[in-house]
Amino acid sequence: QRVPGVSINRVNGEGSEVTVRGFGGGFNLVTLNGRTMPTANVAVVGSDQNGEDVAATSRSFDFSNIASEGVSGLQVYKTGRASVPSGGLGATINIATLRPLDDPGLHGTVGVKASHDTSVDRGEEVTPELSGLVSWTDDQNVFGVSLFGSYQERDSAYRSATSNFWNIQR
């Protein structure tokens, strides 16, 4: 978010999409270690007259699906390069994950925290978050394994109002 021309779109306080040079998340190509990521994003946007959830889809990648503990860096390419896959009108964003052979040996971290949210109508105001990372390489530094993940439990909601003036009941 500190790169000129790059901004983060947040959903319920979490970074979800990236806007580059004014082009929204649907106009960016997102890769993971140089490989194209699927970009379907399904979000509940409201309810219909019967109280059923109404979902909207977009082709933007949802960054909240990747645990930040396993990311070593992001490369944002605002212009085309021959060495980078093309397909993003706004930019090509490469997510580089941690690689066990870059830091040999056995390493691990665990993080525990809680979030306090006073805007919750129903549910708990304090919600837990747990994250962890384990990385291991053999003695010859030829083979390595890295696992990371995170767990969050959030009770959140948003307010919306809808009106249907065209539904005439007879």
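One gets my numbering by counting positions in the sequence shown from 1 and adding 163 to each. Cβ atoms here follow ideal geometry from the backbone N, Cα and C, with glycine treated the same way.
| Based on the DSSP secondary-structure assignment, which residues constitute the bridge partners of LEU195? | ARG198 and ILE258
| field | Buried versus exposed, by CB contacts within 10 Å (16 or more), VAL166 | value | exposed
| message | Suppose you measure from the CA of PRO267 to the CA of PHE186; what does that come to, to the nearest Å? | response | 40 Å
| task | Can you grab the Cα-Cα spacing for the pair ILE229 / ARG184, in whole Å? | result | 23 Å
| message | Am I right that ASN196 and ALA259 are in contact with their C-beta atoms under 8 Å? What's the rounded C-beta distance? | response | 6 Å
| query | What first and last residue would you give for the beta strand (DSSP E) that runs through PHE190? | reply | Taken as a continuous stretch (DSSP letters only), PHE190 belongs to no beta strand (DSSP E), as it is neither H nor E.
| message | Determine whether the beta carbon atoms of LEU264 and GLY233 lie at a separation below 7 Å. | response | no
| said: I need the DSSP call for GLU232, collapsed to helix, strand or coil. | reply: helix
| query | Is SER313 helix, strand or coil by DSSP? | reply | strand
| Any idea if ALA277 is buried or exposed, counting beta-carbon neighbours within 10 angstroms, 16 or more meaning buried? | exposed
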